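What follows is a single structure, written as structure tokens, with notes after it.
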Amino acid sequence: MAEKSRLRQALSKWADSSDQNQRDLRESHRFIEGETLAIADAPERELVTVSGVLRTVTLRPRGGVPALEAELDDGSGKITVVWLGRRRITGVDPGRNVTVTGCIGRQGDVPLMFNPRYELRP
Numbered sequence: 001m002a003e004k005s006r007l008r009q010a011l012s013k014w015a016d017s018s019d020q021n022q023r024d025l026r027e028s029h030r031f032i033e034g035e036t037l038a039i040a041d042a043p044e045r046e047l048v049t050v051s052g053v054l055r056t057v058t059l060r061p062r063g064g065v066p067a068l069e070a071e072l073d074d075g076s077g078k079i080t081v082v083w084l085g086r087r088r089i090t091g092v093d094p095g096r097n098v099t100v101t102g103c104i105g106r107q108g109d110v111p112l113m114f115n116p117r118y119e120l121r122p
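Now the structure itself:
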């Protein structure tokens with residue numbers, strides 16, 4: 001019985017830290033009117049600029065062409081950013097703050113941005 005209680009406590013602590021992490025991300029990537037949008041609020045098929053932290057960066061070929069995929073998270077939502085024809089981009093690594101500009105589309109339920117302009121942030 002005590003083990004169950006410890007497990008529940010550990011899970012609760014993990015869930016709380018995950019929620020706090022998302023709140024911290026939203027706070028650190030304040031959305032400046034006219035400059036960047038929250039990923040959750042960014043419209044599709046319009047030129048937008050969003051900013052966040054790269055969670056994952058993977059090489060995933062698309063149609064026989066190399067493609068570098070990265071998951072960008074700003075605390076409000078996540079978007080998959082894809083650079084076609086690239087195997088690696090110096091500085092595009094997990095944990096890096098990045099601002100991207102491009103048009104958002106969807107593949108199923110996943111928002112995507114292909115070949116965006118990007119700026120590596122400190």
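Numbering-wise, full-length UniProt numbering puts 28 at position 28 of the sequence shown, and it's gapless, one number per residue. For every residue, glycine included, the Cβ atom is placed at its ideal position computed from N, Cα and C. Note that the structure is predicted; figures quoted are calculated from it, not measured.
{"Check": "Suppose you measure from the CA of Asp-74 to the CA of Ala-67; what does that come to, to the nearest Å?", "Outcome": "22 Å"}
{"Check": "Is the beta carbon of Ile-39 less than 8 Å from the beta carbon of Val-50?", "Outcome": "yes"}
{"Check": "Let me confirm a value: Gly-102 is counted as buried when at least 16 other C-beta atoms fall within 10 Å, else exposed. Which label applies?", "Outcome": "buried"}
{"Check": "Identify whether Gly-6 lies in helix, strand or coil by the three-state DSSP scheme.", "Outcome": "One detail in the question is off: residue 6 reads as Arg in this sequence, not Gly. Note: Arg-6 maps to helix in three-state DSSP."}
{"Check": "With 16 other CB atoms within 10 Å as the buried threshold, where does Leu-47 fall?", "Outcome": "exposed"}
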